[in-house]
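Structure first, then comments.
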Amino acid sequence: MARVVFKHAFHLNLKGNLWDCVAAMKAAVLIQRWYRRYIARLEMRRRYTWNIFQSIEYAGEQDQLQLSSFFSFMLDNFTQLNGNGPDLISQLLDPLVDPWLDRETCYNQIHVPESYTGPRLSFPLSVSDTSALLSAFKEQQTLHARYALQLLYETKKLLKQMPNIIHLSTSYIKDITICGDLHGRLDDLLLIFYKNGLPSADTPYVFNGDFVDRGKKSMEVVILLFAYLLLYPDSMHLNRGNHEDHIMNLRYGFTKEVMQKYKTHGHEMLQLFQDIFSLLPVATVIDGKILIVHGGISDQTDLDFLSSIERHKVTGHRSVLQTGKKNEIHRRLSSQQQSEPKQEPRNAQSELSSLLQIVDILWSDPKTQEGCSPNTFRGGGCYFGPDVTQRLLLRHGLQLLIRSHECKQEGYELCHGGQVITIFSASNYYEEGSNRGAYVKLGRELVPRFYQYQVSRSTLRAAEGSALRALKEKLFAHRCELMAGFLQSFLPSGSVSVSEWAQVLESVLRLDLPWRTLRPHLTRLAPDGSVDYPSCFEDMGPGNPLPQVAPNLAETLFRYRTDIEIIFNIIDKDHSGLISAEEFRHTWRLFSAHLGVDINDRAIDDLARSIDFNKDGSIDFTEFLEAFRVVHKLDSKDQHLSGKMDGEKC
Amino acid sequence: MAGRKQSADVHQKIRAAFDAFDYEANSTVDVREIGTIIYSLGCFPSQKDLHDFIAKVEEDHTGYIHLDKFLPAMTKVLQEHKFPPISEDLLLQAFEALDKEKKDYLDPEELTKYMTQEGEPFTQEEMEEMLTALADHRNQIHYKDVVSQMTIKPDK
Numbered sequence: 001m002a003r004v005v006f007k008h009a010f011h012l013n014l015k016g017n018l019w020d021c022v023a024a025m026k027a028a029v030l031i032q033r034w035y036r037r038y039i040a041r042l043e044m045r046r047r048y049t050w051n052i053f054q055s056i057e058y059a060g061e062q063d064q065l066q067l068s069s070f071f072s073f074m075l076d077n078f079t080q081l082n083g084n085g086p087d088l089i090s091q092l093l094d095p096l097v098d099p100w101l102d103r104e105t106c107y108n109q110i111h112v113p114e115s116y117t118g119p120r121l122s123f124p125l126s127v128s129d130t131s132a133l134l135s136a137f138k139e140q141q142t143l144h145a146r147y148a149l150q151l152l153y154e155t156k157k158l159l160k161q162m163p164n165i166i167h168l169s170t171s172y173i174k175d176i177t178i179c180g181d182l183h184g185r186l187d188d189l190l191l192i193f194y195k196n197g198l199p200s201a202d203t204p205y206v207f208n209g210d211f212v213d214r215g216k217k218s219m220e221v222v223i224l225l226f227a228y229l230l231l232y233p234d235s236m237h238l239n240r241g242n243h244e245d246h247i248m249n250l251r252y253g254f255t256k257e258v259m260q261k262y263k264t265h266g267h268e269m270l271q272l273f274q275d276i277f278s279l280l281p282v283a284t285v286i287d288g289k290i291l292i293v294h295g296g297i298s299d300q301t302d303l304d305f306l307s308s309i310e311r312h313k314v315t316g317h318r319s320v321l322q323t324g325k326k327n328e329i330h331r332r333l334s335s336q337q338q339s340e341p342k343q344e345p346r347n348a349q350s351e352l353s354s355l356l357q358i359v360d361i362l363w364s365d366p367k368t369q370e371g372c373s374p375n376t377f378r379g380g381g382c383y384f385g386p387d388v389t390q391r392l393l394l395r396h397g398l399q400l401l402i403r404s405h406e407c408k409q410e411g412y413e414l415c416h417g418g419q420v421i422t423i424f425s426a427s428n429y430y431e432e433g434s435n436r437g438a439y440v441k442l443g444r445e446l447v448p449r450f451y452q453y454q455v456s457r458s459t460l461r462a463a464e465g466s467a468l469r470a471l472k473e474k475l476f477a478h479r480c481e482l483m484a485g486f487l488q489s490f491l492p493s494g495s496v497s498v499s500e501w502a503q504v505l506e507s508v509l510r511l512d513l514p515w516r517t518l519r520p521h522l523t524r525l526a527p528d529g530s531v532d533y534p535s536c537f538e539d540m541g542p543g544n545p546l547p548q549v550a551p552n553l554a555e556t557l558f559r560y561r562t563d564i565e566i567i568f569n570i571i572d573k574d575h576s577g578l579i580s581a582e583e584f585r586h587t588w589r590l591f592s593a594h595l596g597v598d599i600n601d602r603a604i605d606d607l608a609r610s611i612d613f614n615k616d617g618s619i620d621f622t623e624f625l626e627a628f629r630v631v632h633k634l635d636s637k638d639q640h641l642s643g644k645m646d647g648e649k650c
Numbered sequence: 001m002a003g004r005k006q007s008a009d010v011h012q013k014i015r016a017a018f019d020a021f022d023y024e025a026n027s028t029v030d031v032r033e034i035g036t037i038i039y040s041l042g043c044f045p046s047q048k049d050l051h052d053f054i055a056k057v058e059e060d061h062t063g064y065i066h067l068d069k070f071l072p073a074m075t076k077v078l079q080e081h082k083f084p085p086i087s088e089d090l091l092l093q094a095f096e097a098l099d100k101e102k103k104d105y106l107d108p109e110e111l112t113k114y115m116t117q118e119g120e121p122f123t124q125e126e127m128e129e130m131l132t133a134l135a136d137h138r139n140q141i142h143y144k145d146v147v148s149q150m151t152i153k154p155d156k
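Order-wise, the sequence lines are chains S and P. Note that full-length UniProt numbering numbers the first sequence so that position 392 is 392, with each residue one more than the last. Note that full-length UniProt numbering numbers the second sequence so that position 121 is 121, with each residue one more than the last.
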């Protein structure tokens, strides 16, 4: 202390007053302490917000597992369905056209009106075409179906020539840039091109899967990627991700986006996308030293075997439906064989292992614990430990694994002692301000350099608000169960303590979150310090006036709305938005039987009749689903909080 | 009895804050996160306070801190109110002390001089962050507005 005062007596002081110096110094310390604490608190909130998003996302993936088990359930009840209702099975599990085969096409005959001011591509593509696409998309224009279709056909032709694993060399080029998940974020892609340069012979790229779904511009992203692929097939490389899959697209938004942007030709495009996705290579290797795959590896991963399989045949339409359900695959394959000429049982076995190899590559996640275990969160692929990584790298003479598939706050993360890099390129993935995006560059010395960005720097508040909203929706979706749990704690003692409240939430929602810390955002305290648990649900209410339904039916429909939407989309083959009332009833009965939800037939019939607005026997299910959206009554409160905790109830 | 329940609650709070940074789920956190954890529990330690605290709980310079040592030490801190919060009034006085010309705001240069040369100096990064956060469109730091906006209520 004395030393510091002495220093200041010499340096600071304009008035020659020692007292002033001491005051200034004390003031400075105080302000510094206060400010450092403020920043630390922000960091803590950022971390909690992040945890909420991650937990909910993982829970969402688990729901998807439920969907695939529903399909298995339907498979099991195949014979029952056959006699008793519309043939949903064949609709759901249509053995699709072999992706390899050429589809009938007539894009040449599509008329492009004079009034169309967007790009008119000419094949083979040139730089002026890709420039035109870039400008058009920056101006929010849509590429005309005639050119989009031709682009897709040409892409499919090109991909047929590619091997499962692409081998690249740095000997002719300076640096290779590797990007992770984009998920339809056009802004991020444009930012990468801006900072790093457009793809060219001198600027090679590897895009590591998940180009589509979730973001609103998946079509534009994928058109640009394919255009550059056609233009520079030796410098542009695309790996398949787990979202390059039509069932995922049905759930996570790509299908809807395509149908909305291309009402007439969307169906044909979606079929082409299916073919293209199954024809995308699954891995890239640089200089025989660096392996790039979308998800990860398992202890079964064998790159030589992976090179040898026919990737389009193996995954075709199956990859997601059967992830994690090995028995079902086997059963389905053997039942298929009954209708086809007798094949050797060995085919089924090797087809199964080929499928699993690809599923592992697309879906696995690294973990710190050693060993390899099934990835229960995702419903497919594995959790692989540092020993699995080590073994694989050793076996194939590799030194590094680059993968994507998981959102990281800083856009990238290293693990397994630096042997695994996760690279994620969609910034603000969950919400404005949630995370940065990144890409990695490798030169001849193969030392990775990371570049981060964030499309728009925004306050923590938006991300936090969004996370809390999502969490509140989860609470609302399980209201009956939660209330039952709270009552159990309430009845013996006449109050619910914060611990008891937290316990109920933990056991019903099964989300590993710091509930006690989040408590002020979710519920009020009574004057005696116990939890006023009904206040959990105060903020949320139904959107549009609901058709007359029992409360727990409404809650169930809300909870499973995403899954229900997928099933409807599958049944509605021509994507008209309408299904017959009969199909609706049948599907719902099956779904509720599978879930074990006790909804009586009468309630469903009433529901079906009440939403058949035209009384013509068909249901507009978009309207139906809209009815079960909930609104957050206190949304306006979010606006005027500056630095204070969002919507705190104390 | 009430005392026991209270300390159980305190333990829970500390654990929750600790867990947020326990990435490997093995009850250890990086020593560099300790400041954030302590701040989030409602305390306002100075850098020196932090240094002293860390010296007591760090595992032999490994760079990690185990929950076993952190929990009792932190419990003591909370129960003895060791690093009490700074009230808005005191903070305002501090800013006023720096505002020699009594103009009700500080220029970035003034603030920078104090923050980077006095007390427990900021790094350049911290300084830049603070200016970005506090300076208004006229590039002045109107501390009266800033203080009320940025005071976060303690969690119950």
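Don't be surprised by glycine CBs; every beta carbon is placed ideally from N, CA and C. Bear in mind the structure is a predicted one, so any value in this text is a computation, not a measurement.
- Taking the CA atoms as reference points, P:Asp107 sits about 19 angstroms from S:Lys26.
- Inclusion of S:Val282 and S:Ile178 in the CB contact set at 7 angstroms is not warranted, their separation being larger than that value.
- Taking the beta carbon of S:Gln32 as reference, the chain P residues within 7 angstroms of it are Met115, Gly119, Glu120, Phe122, listed in sequence order.
- Around the C-beta of S:Leu152, 16 or more other C-beta atoms lie within 10 Å, and the residue is accordingly described as buried.
- The CB of P:Leu98 comes closer than 8 angstroms to the CB of Ala24, Ala27, Ala28, Ile31 in chain S, given here in chain order.
- Listed along the chain, the chain S residues whose CB falls inside 8 angstroms of the CB of P:Ser40 are Ala40, Arg41, Met44.
- Take S:Thr301, set aside five residues on each side of it, and the residues of its chain with a beta-carbon closer than 8 angstroms to its own are Gln357, Asp360, Ile361, Leu392, in chain order.
- Taking a cut-off of 8 angstroms for Cβ pairs, the segment 207 to 222 of chain S and the segment 239 to 251 of chain S touch, as three or more such pairs fall below it.
- Comparing alpha carbon positions, the residue from S:Val447, S:Glu431, S:Gln452 closest to S:Tyr439 is S:Gln452.
- P:His51 and S:Trp50 have their alpha carbons spaced roughly 28 angstroms apart.
- Relative to the Cα of S:Tyr383, the nearest Cα in the group S:Thr368, S:Leu42, S:Gln390 belongs to S:Thr368.
- Nearest C-alpha to P:Ala16 among P:Gln6, P:Ile37, P:Val31: P:Ile37.
- For a cut-off of 8 angstroms, the C-beta gap from S:Leu475 to S:Leu522 is around 7 angstroms, short enough to register as a contact.
- Spanning the alpha carbons of P:Lys144 and P:Ala94 requires a straight line of approximately 11 angstroms.
- Residues Thr49, Ile52, Phe53 of the same chain have their beta carbon placed closer than 6 angstroms to that of S:Ala467, with the five preceding and five following residues left out of the count.
- Around P:Lys13, the beta-carbon contacts reaching into chain S at under 9 angstroms are Arg516, Thr517.
- One alpha carbon belongs to S:Glu506, the other to S:Leu487, and they sit about 15 angstroms apart.
- Counting along the chain, the unbroken beta strand (DSSP E) around S:Tyr412 starts and ends at 412 to 415.
- Taking the Cα positions, P:Arg32 is about 8 angstroms away from P:Gly63.
- The residues Ala17, in chain order, have a CB closer than 6 angstroms to that of P:Leu41 in the same chain once the five nearest residues on each side in sequence are set aside.
- In summary, P:His137 is exposed, with fewer than 16 beta-carbon neighbours lying within 10 Å of its beta-carbon over all protein chains present.
- P:Tyr114 sits away from P:Gln140, with the two beta carbons spaced by 7 angstroms or more.
- Not flagged as an interface residue toward chain P: S:Arg436, since no C-beta distance is shorter than 7 angstroms.
- For P:Met127, the enclosing alpha helix (DSSP H) stretches over residues 124 to 134.
- If you check the CB distance, S:Met236 and S:Tyr205 come in under 7 angstroms.
- At the C-beta level, S:Asn435 and S:Gln409 come within 7 angstroms of one another.
- S:Arg524 has S:Asp532 as its beta-bridge partners, per DSSP.
- Following the DSSP letters along the chain, one finds P:Asp68 inside the alpha helix (DSSP H) bounded by residues 67 to 79.
- The residue among S:Glu351, S:Pro386, S:Tyr35, S:Ser218 with its C-alpha nearest the C-alpha of S:Thr142 is S:Ser218.
- C-alpha of P:Ala73 to C-alpha of P:Val57: approximately 8 angstroms in a straight line.
- Neighbourhood of P:Gly35 in chain S, by CB distance below 8 angstroms: Arg36, Ala40, in chain order.
- In the structure shown, S:Lys474 adopts helical secondary structure according to DSSP, grouped into three states.
- The beta-carbon of P:Met130 is placed less than 7 angstroms from the nearest beta-carbon of chain S.
- The three-state reading of DSSP puts S:Asp601 in helix, counting H, G and I together.
- The DSSP-derived three-state label of S:Lys441 is strand.
- Residue pairing by DSSP places S:His167 opposite S:Val285 in a beta bridge.
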